[in-house]
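S.K.: Please find one structure pasted underneath; my questions will follow.
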Amino acid sequence: MTSILGLSAAGAFAYPLFRFLLPIESGIKAKKLIIAKSDIPVNTTKDLMIGPSPGIIISTKDKGFLAFSKVCTHLGCLVKFDKDRQLFICPCHAGVFDLEGNVVSGPPPQPLQKFAVKVEGDNIVIG
Amino acid sequence: MIQRIRGWLEIRIGLDELIRSQLTEYRVPKNINLFYTLGIVAFVAFLVQSLTGVLLLFYYIPDDKDAFQSVQLIMNHVPYGWLFRLMHVVGSNLMVAVVFLHMISVFFLGSYKKPRELTWVVGALMLLTTMGFCLSGYLLPWSQLSFWATTVVTNIPTAFPFFGEVVCKILRGSEQVSGATLNRFFALHVALLPALLIALFALHVFLVRRIGISAPPFGREEDEDWKEFRHEDHPDGLPFYPHFVSKEAFMVVLYFIIMFAIIALAPALFLPPDTRIPADPFTTPEHIRPEWYFLAPYEMLKLIPNRFMGIAAQLILVTVFILWPFIDSSEKANILKKPRLLATFLVTLVIWIGLTIWGAY
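From first to last, the protein sequence lines are chains A and B.
Taking the numbering used here, the leading residue of the first sequence gets 7, the next gets one more, and so forth.
Taking the numbering used here, the leading residue of the second sequence gets 1052, the next gets one more, and so forth.
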């Protein structure tokens, strides 16, 4: 009986403790992001926040505008874009991604998160 | 005056009998060596960390906007702040080294054998708690290195399906490493982990004293089988005080000599350049590397191409390490009489050192 009461009491506190430890919702969601085309000339990049995480938009000659999360899918470091090799490289564990965000080499398990990009007039809409 | 205090204590706690039974007439094995003193050195290291940690708390501000500046204030403006911070930084690395050496010597001397399996398990948990101190303390200066090292470590649970993301969020207190993470790690570092380590330490000392100190296995007959509990006495041994205490005092002094030699001659040994740059959540520094004791697992994560496999392999290794006395259940304590175990031990050590050196360059 004592054990049942003890376990019930512990169980009654487990859920409140779990909810207490979970982060409070920040309210920042990945909303649509609008920036002017002129801000990103061809063959340049721009770092920006896409929702709650850092992202990058790349203006290419052939593929137009591409937007990715910079968070490496291995262990969360931020990738850097190597303009000469047209690759994303993670400085932590040497993960390498191509211009589509696909894993070229290294330990990342998944491609970089890619965001939809639409050109509307003089603006670019991300997300 | 001292006599009066002694007399007062004698009536209340039986001081003379306590000193006799626990120090002067408590016998340790005759062939006990300096490796047996590493436990007390680790305890002294913990005391140094506690005292310097409390002093740092007088000036440190656990807030993402002020943490880095408060550490700079301690280093550059508070009189002797640099001394206590360096004692804390160097001391943390030395403490890990001492605990590592203690575990290695216990392994080599076969002191984890029956009936001391629990003593080993508690010691292994103390090593993991010490690593927890290092991880949680690493974030507190809020530098580039601390920020990104914490990002990597808190991402590790995400390799596991279902619960990984939740564990990551609970550790961070937010989606990314942030001020909320700093608050959580600060609470872990100054409240939860000290209480846990003290509790484990008390249990460890209780087990050592209850079972008795093990004798080195070399040059003696193999142990008899333990069928029932008994305290291992050493009636022909040497008194704990002054014989063993003098050995301990020597090693504690050596510990402080090494600590102050590093502080005087190589103060930046454990403070690479990225520890002097404030955390920037938008730029991961080039060539980020963890502290020396995490270099081997860090290199393993690089070498094993599958993230889940890399992290699972490390968890398996840690589990094997904790439960080793139950895996190696043979009665023989002398590792020199067990060539396969000796070879495994040496190969593991060489691989560990090799990965550490590889990770450093």
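Cβ atoms here follow ideal geometry from the backbone N, Cα and C, with glycine treated the same way.
Quick caveat, the model's predicted, so the values are computed rather than measured.
Please list the segments of the alpha helix (DSSP H) lying wholly inside the stretch 1309–1366 of chain B, counting only runs of 4 or more residues, in order along the chain.
M.R.: Listed in chain order, the complete alpha helix (DSSP H) runs (minimum 4 residues) inside the stretch 1309–1366 of chain B are 1346–1354.
S.K.: So, do the stretch 1185–1202 of chain B and the stretch 1329–1348 of chain B have three or more beta carbon pairs nearer to each other than 8 Å?
M.R.: In short, these stretches touch, since the Cβ pair count reaches three.
S.K.: Which residues, taken in chain order from the stretch 1330–1347 of chain B, show a beta carbon closer than 8 Å to some beta carbon of chain A?
M.R.: So the list reads 1332, 1333, 1334, 1335, 1336, 1337, 1338, 1339, given in the order they occur along the chain.
S.K.: Is residue 1132 (chain B) near residue 1241 (chain B), with beta carbons less than 8 Å apart?
M.R.: By 1-based counting over the second sequence, the position of residue 1132 (chain B) is 81. By 1-based counting over the second sequence, the position of residue 1241 (chain B) is 190. Not in contact: residue 1132 (chain B) and residue 1241 (chain B) (Cβ atoms no closer than 8 Å).
S.K.: Measuring straight from C-alpha to C-alpha, what distance separates residue 1298 (chain B) and residue 1084 (chain B)?
M.R.: Taking the first residue of the second sequence as position 1, residue 1298 (chain B) is located at position 247. Taking the first residue of the second sequence as position 1, residue 1084 (chain B) is located at position 33. Cα to Cα, residue 1298 (chain B) sits roughly 8 Å from residue 1084 (chain B).
S.K.: Whose C-alpha, out of B:1312, B:1211, B:1150, B:1106, is nearest the C-alpha of residue 1359 (chain B)?
M.R.: Mapped onto the second sequence, residue 1359 (chain B) falls at position 308. Cα-wise, what sits closest to residue 1359 (chain B) is B:1211.
S.K.: Is there a Cβ from chain B that is less than 8 Å from the Cβ of residue 82 (chain A)?
M.R.: On the first sequence, residue 82 (chain A) is found 76 positions in, with the first residue counted as 1. Closer than 8 Å: yes.
S.K.: Below 8 Å between beta carbons: does that hold for residue 132 (chain A) and residue 73 (chain A)?
M.R.: The sequence position of residue 132 (chain A) within the first sequence is 126, counting from 1. The sequence position of residue 73 (chain A) within the first sequence is 67, counting from 1. In this structure, residue 73 (chain A) lies closer than 8 Å to residue 132 (chain A) by Cβ.
S.K.: Using DSSP with H/G/I as helix, E/B as strand and the rest coil, what is residue 1057 (chain B)?
M.R.: Counted from its first residue, the second sequence places residue 1057 (chain B) at position 6. Note: residue 1057 (chain B) maps to helix in three-state DSSP.
S.K.: Using a 10 Å radius around the Cβ and a threshold of 16 neighbouring Cβ atoms, would you call residue 1350 (chain B) buried or exposed?
M.R.: Along the second sequence, read from residue 1 onward, the residue named residue 1350 (chain B) stands at position 299. Label assigned to residue 1350 (chain B): buried.
S.K.: Counting only Cβ pairs nearer than 8 Å, list the residues of chain A close to residue 1202 (chain B).
M.R.: Residue numbering aside, residue 1202 (chain B) sits at position 151 when the second sequence is read from its first letter. Result: 81, 82, 83.
S.K.: What residue range is occupied by the uninterrupted beta strand (DSSP E) comprising residue 131 (chain A)?
M.R.: Counting from one through the first sequence, the residue named residue 131 (chain A) turns up at place 125. From DSSP, the beta strand (DSSP E) with residue 131 (chain A) extends over 129–132.
S.K.: Judging by CA-CA distance, which residue of B:1248, B:1207, B:1254 is the nearest neighbour of residue 1362 (chain B)?
M.R.: In the second sequence, counting from the first residue as 1, residue 1362 (chain B) sits at position 311. Taking only the C-alpha atoms, the option nearest residue 1362 (chain B) is B:1207.
S.K.: Distance cutoff 8 Å, beta carbons only. Does residue 100 (chain A) sit that close to anything in chain B?
M.R.: One-based indexing of the first sequence puts residue 100 (chain A) at position 94. Chain B contact via Cβ: present.
S.K.: So, is the C-beta of residue 1261 (chain B) closer than 8 Å to a C-beta in chain A?
M.R.: The sequence position of residue 1261 (chain B) within the second sequence is 210, counting from 1. Not one chain A Cβ lies under 8 Å of residue 1261 (chain B).
S.K.: Can you pull the chain B residues whose beta carbon is under 8 Å from the beta carbon of residue 68 (chain A), in chain order?
M.R.: Along the first sequence, read from residue 1 onward, the residue named residue 68 (chain A) stands at position 62. Within 8 Å Cβ-Cβ: nothing; residue 68 (chain A) doesn't reach chain B, min ~28 Å.
S.K.: Spatial neighbours of residue 1290 (chain B) within its chain, please: C-beta separation below 6 Å, excluding the five flanking residues on both sides.
M.R.: Start at 1 with the first residue of the second sequence, and residue 1290 (chain B) comes out as number 239. Contacts found: 1075.
S.K.: Mind pulling the alpha helix (DSSP H) runs of 4 or more residues that sit fully within the stretch 1198–1240 of chain B?
M.R.: Listed in chain order, they are 1215–1223, 1230–1238.
S.K.: Answer with buried or exposed for residue 24 (chain A), where buried requires no fewer than 16 other C-beta atoms within 10 angstroms of its C-beta.
M.R.: Residue mapping note: residue 24 (chain A) aligns to position 18 of the first sequence, counting from 1. Its Cβ having fewer than 16 others within 10 Å, residue 24 (chain A) is exposed.
S.K.: Excluding sequence positions up to five away, which residues of its chain have a Cβ less than 7 Å from the Cβ of residue 1137 (chain B)?
M.R.: One-based indexing of the second sequence puts residue 1137 (chain B) at position 86. The residues are 1314, 1318.
S.K.: Report, in whole angstroms, the separation of the C-beta atoms of residue 1233 (chain B) and residue 1173 (chain B), which I expect to be a contact under 8 Å.
M.R.: Here residue 1233 (chain B) refers to the residue found at position 182 when the second sequence is read from its first residue. Here residue 1173 (chain B) refers to the residue found at position 122 when the second sequence is read from its first residue. Wrong, their Cβ atoms sit about 30 Å apart, outside the cutoff.
S.K.: Assign residue 17 (chain A) to one of two classes, buried (16 or more other C-beta atoms within 10 Å of its C-beta) or exposed (fewer than that).
M.R.: As a first step, residue 17 (chain A) is located in the first sequence; it is residue number 11 there, counting from the start. So residue 17 (chain A) ends up on the exposed side.
S.K.: Please check if any C-beta of chain A sits within less than 8 Å of the C-beta of residue 1413 (chain B).
M.R.: Missing from the structure shown is residue 1413 (chain B); chain B here goes from 1052 to 1412 and no further.
S.K.: Across which residues does DSSP place residue 61 (chain A) in a beta bridge pair?
M.R.: To locate residue 61 (chain A), count along the first sequence from 1; it is residue 55. Partner(s): A:54, A:75.
S.K.: Cα separation between residue 52 (chain A) and residue 129 (chain A)?
M.R.: For the purposes of this step, residue 52 (chain A) is taken as residue 46 along the first sequence, with counting starting at 1. For the purposes of this step, residue 129 (chain A) is taken as residue 123 along the first sequence, with counting starting at 1. Their backbone Cα atoms lie some 14 Å apart in a straight line.
S.K.: With DSSP collapsed to three states, give me the class of residue 95 (chain A).
M.R.: Taking the first sequence and counting its residues from 1, the one referred to as residue 95 (chain A) is at position 89. Note: residue 95 (chain A) maps to strand in three-state DSSP.
S.K.: Counting only Cβ-Cβ distances shorter than 8 Å, please list the residues of the stretch 1222–1255 of chain B near chain A, keeping chain order.
M.R.: Within the stretch 1222–1255 of chain B, the qualifying residues are 1223, 1224, 1225, 1226, 1227, 1231.
S.K.: Measure the C-alpha to C-alpha separation of residue 1144 (chain B) and residue 1055 (chain B) and round it to an integer number of angstroms.
M.R.: Your numbering for residue 1144 (chain B) matches position 93 in the second sequence. Your numbering for residue 1055 (chain B) matches position 4 in the second sequence. Spanning the two alpha carbons is a distance of roughly 43 Å.
S.K.: Let me confirm a value: residue 1268 (chain B) is counted as buried when at least 16 other C-beta atoms fall within 10 Å, else exposed. Which label applies?
M.R.: Here residue 1268 (chain B) is taken as the residue at index 217 of the second sequence, counted from 1. Buried, by the Cβ-count rule.
S.K.: Just checking: is the beta-carbon of residue 72 (chain A) within a distance shorter than 8 Å of some beta-carbon in chain C?
M.R.: You won't find chain C in this structure, because its protein chains are A and B.
S.K.: Would you list the one or two residues that DSSP bridges to residue 42 (chain A)?
M.R.: Here residue 42 (chain A) refers to the residue found at position 36 of the first sequence. Answer by DSSP bridge pairing, in chain order: A:129.
S.K.: Taking residue 1262 (chain B) as the reference, which of B:1243, B:1253, B:1282 has the closest Cα?
M.R.: Taking the first residue of the second sequence as position 1, residue 1262 (chain B) is located at position 211. That would be B:1282, whose Cα lies nearest to the Cα of residue 1262 (chain B).
S.K.: Can you give me the C-alpha to C-alpha distance between residue 1346 (chain B) and residue 97 (chain A), rounded to a whole angstrom?
M.R.: The residue you call residue 1346 (chain B) lines up with position 295 of the second sequence. The residue you call residue 97 (chain A) lines up with position 91 of the first sequence. Going from the Cα of residue 1346 (chain B) to the Cα of residue 97 (chain A) covers about 15 Å.
S.K.: Spatial neighbours of residue 1396 (chain B) within its chain, please: CB distance less than 8 Å, with the 5 preceding and 5 following residues excluded, ordered by chain position.
M.R.: Looking up residue 1396 (chain B) in the second sequence gives position 345. For residue 1396 (chain B), where only same-chain residues beyond five positions count, the Cβ hits under 8 Å are 1158, 1159, 1386.
S.K.: Quick one: is residue 1413 (chain B) buried, meaning 16 or more other Cβ sit within 10 Å of its Cβ, or exposed?
M.R.: For residue 1413 (chain B) there is no data in the structure shown, the boundaries of chain B being 1052 and 1412.
S.K.: What does residue 53 (chain A) reach in chain B if we use C-beta pairs closer than 8 Å?
M.R.: Counted from its first residue, the first sequence places residue 53 (chain A) at position 47. Within chain B, the residues near residue 53 (chain A) are 1333.
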